[in-house]
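In my numbering, the protein residues as written are 345 to 800.
The beta-carbon is built from N, C-alpha and C at its ideal position, and this holds for glycine as well.
In this text, all values refer to a predicted model and were calculated from it rather than measured experimentally.
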């Protein structure tokens, strides 16, 4: 075969001829094709392009697609279709062709209303997707979809069909909410109570979504039957509460909301007392806010729980000892004979900074004078203190602690004026406490030779 100068041909027929065992030569302005030796057949076929394979693992918005009833229900939202692409062509570097995925979607009862979306960046083994905007879909309709892949030279076969049904409208009627534990009138103890949601016989309502405002988010629960009801147990906080409930259809669409407003009275125990120091036993009194309390459980965060029996009137006395500083939370739970519990917490900030006491020099006042020594004593707040780091203005030093954790230093000022002492304690693990500052003013020295009357 010879191509005359001035004529053109595409690369694809040439490759096809190569695959048939022909060789290509250019001479005297003509392209001549001659039969190639059979031994060259395999080498020449390496560059052949094959169509991409049929996409697999089809998904409808992240879920395996449905090929038979019951079809997936799709809510009032954009629709993402995806599939894994395949291509047998691999070059000498192991790189496959870049593929374009075509996703086709159409109403089963109107195939001519076909819509296509494309994904352009896939290669062999990649999952590619196509997005169909909500506006392209209509309510309560059965849709079919499929996907195929193409490279720059060939197009693969279409996948099998997947189906979905759109459902953009929720139940028309809001659910009815009732509770005998928390009627809408009056105040009722903030204990676990039962609430009933009724779909009011709305046939497409199969469940409920509910949220107790101010609590831990939105929850969902199934109805006992389509159009039926369900009862849930909730524990509200003390004060006014609002429970918002929607009926749900099978696609997850919501009905108009129902709002149930009620009031819950505080039943958590009342704690009296204050934790101020590490390692110092502190007494708290506890008073119940519900009847029948027989004991209390209490603990500081991270510490073991303890129990104390209540007096006949439900009160109790607790002794709490903090073993470390920082923000510590005391949790106290009252317990009735029937096992009903109510918990309250109180948080205290416990400083680890040491205390400072001094002779001669008074904090915030003018005292002493240059050359007059003062003794400064450091007392720990954190346990197991072995030393202190301290500084008078900018000069920093350390001193070892005695067996009781205290230490003393003697300091003599050399000039009058403002002085700031800063101290940190260090425990046996090398942990440094917070800092304490002691600010004072060194007084001026008295005149060295006061003038006496009559000396002149």
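Span of the beta strand (DSSP E) around residue 622: Here residue 622 belongs to no beta strand (DSSP E), and DSSP marks it neither H nor E.
Along the chain, where does the beta strand (DSSP E) containing residue 720 start, and where does it finish? 718-723
Per DSSP, residue 769 is paired with what? 732
For residue 313, I'd like the list of residues in its chain whose CB is within less than 6 Å of its CB, leaving aside the five on either flank, ordered along the chain. Outside the shown range of the chain (345 to 800) lies residue 313, about which nothing can therefore be said.
Reducing DSSP to helix, strand and coil, say where residue 451 ends up. strand
Run the CB neighbour count on residue 406, radius 10 Å, all protein chains shown included, and call it buried at 16 or more, exposed below. exposed
Exposed or buried, residue 650, counting other C-beta atoms within 10 Å across all chains shown (16 or more means buried)? exposed
Endpoints, the beta strand (DSSP E) within which residue 562 is located: 562-566
Kindly indicate which three-state DSSP category residue 595 falls into: helix, strand or coil? coil
In angstroms with no decimal places, state the Cα-to-Cα distance between residue 635 and residue 533. 11 Å
Euclidean distance between Cα positions of residue 791 and residue 756: 19 Å
Using only alpha-carbon positions, find the residue among 525, 467, 570, 594 that is nearest to residue 580. 525
Which first and last residues belong to the beta strand (DSSP E) in which residue 660 is found? 660-664
8 Å contact criterion, which residue 611 and residue 601 should meet: CB distance rounded: Between residue 601 and residue 611 the Cβ distance is about 29 Å, and since that is not below 8 Å, they are no contact.
Does the beta-carbon of residue 784 have 16 or more other beta-carbons within 10 angstroms, so that it is buried, or is it exposed? buried
Answer with buried or exposed for residue 505, where buried requires no fewer than 16 other C-beta atoms within 10 angstroms of its C-beta. exposed
Pairwise C-alpha distance: residue 475 and residue 424: 5 Å
Indicate whether residue 550 and residue 566 have their beta-carbon atoms separated by less than 8 Å. yes
Quick check on residue 469: buried or exposed, where buried means 16 or more other Cβ atoms within 10 Å of its Cβ? exposed
Would you please state the rounded distance, in angstroms, between the beta carbons of residue 740 and residue 733? I believe it to be under 8 Å. 7 Å
Determine the direct distance from the alpha carbon of residue 731 to that of residue 776, and round the result to whole angstroms. 10 Å
If you run the structure through DSSP and keep just helix, strand and coil, what is residue 478? helix
Which of the three DSSP states is assigned to residue 655 in this structure? coil
Mind checking who residue 764 pairs with in its DSSP beta bridge? 783
DSSP on residue 544, reduced to helix/strand/coil? coil
Can you list, in chain order, the residues of its chain with a C-beta nearer than 6 Å to that of residue 400? Leave out the 5 residues immediately preceding and following it. 428
Using CA coordinates, which residue listed in 517, 736, 727 is at the minimum distance from residue 770? 727
Report yes or no: do the region 687-700 and the region 662-675 share at least 3 C-beta pairs separated by less than 8 Å? yes
Straight-line Cα distance separating residue 652 from residue 627: 13 Å
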